[in-house]
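K.L.:
In this text, residue positions in the sequence shown follow my numbering: the first is 68, and each later residue adds one.
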Amino acid sequence: MANSPQAKKRARQNEKRFEVNKARRSRIRTYLRKVEEAIASGDKEAATAALRAAQPELMRGVTKGVYHKNTASRKVSRLAARVKALG
Numbered sequence: 068m069a070n071s072p073q074a075k076k077r078a079r080q081n082e083k084r085f086e087v088n089k090a091r092r093s094r095i096r097t098y099l100r101k102v103e104e105a106i107a108s109g110d111k112e113a114a115t116a117a118l119r120a121a122q123p124e125l126m127r128g129v130t131k132g133v134y135h136k137n138t139a140s141r142k143v144s145r146l147a148a149r150v151k152a153l154g
């Protein structure tokens with residue numbers, strides 16, 4: 068358990084940051100799920116639109132430190148390939 072004032076403050080900051088990051092991750096997953104659902108339904112236009120919406124969200128997660136840059140790029144690349152294959 069944190070004993071020094073510094074460590075107590077750090078613990079508080081970590082809790083706040085955890086909640087913010089959790090919300091961000093959840094939001095990104097929602098966008099990704101929408102793309103997945105559109106791909107599963109076979110609707111190329113909806114999948115393309117969903118991917119266009121998901122891409123900036125994912126990259127925002129990168130700038131905020133939720134995801135690594137390569138992870139986000141890989142996810143976008145794989146989804147784009149699947150959307151492209153729908154046609």
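We put the beta carbon where it would ideally sit given N, CA and C, even for glycine. Please read all numbers here as calculations on a predicted model, not as lab measurements.
Can you round the beta-carbon distance between residue 125 and residue 143 to whole angstroms, since I take them to be within the 8 Å contact cut?
P.N.:
Yes, residue 125 and residue 143 are in contact; Cβ-Cβ is about 6 Å, under 8 Å.
K.L.:
Scan the segment 104 to 153 and note each continuous alpha helix (DSSP H) run of 4 residues or more that stays entirely inside, going in chain order.
P.N.:
For the segment 104 to 153, whole alpha helix (DSSP H) runs of length 4 or above, ordered along the chain, are 111 to 130 and 136 to 153.
K.L.:
When you compare each of 121, 136, 131 and 140 to residue 100 by their alpha carbons, which one comes out closest?
P.N.:
For the residues 121, 136, 131 and 140, the minimum Cα distance to residue 100 belongs to 121.
K.L.:
On the criterion of 16 or more Cβ atoms from any shown chain inside 10 Å, does residue 132 qualify as buried, or is it exposed?
P.N.:
Classification of residue 132: exposed, given that the 10 Å Cβ count is below 16.
K.L.:
I believe residue 129 touches residue 117 by the beta-carbon criterion, under 8 Å. Please report the beta-carbon distance rounded to the nearest angstrom.
P.N.:
Residue 129 to residue 117, Cβ: 19 Å. No contact.
K.L.:
Assuming the contact rule is C-beta atoms closer than 8 Å, residue 153 and residue 111 should be a hit. Round their C-beta distance to whole Å, please.
P.N.:
Yes, they are in contact, since the Cβ atoms of residue 153 and residue 111 sit about 4 Å apart, within 8 Å.
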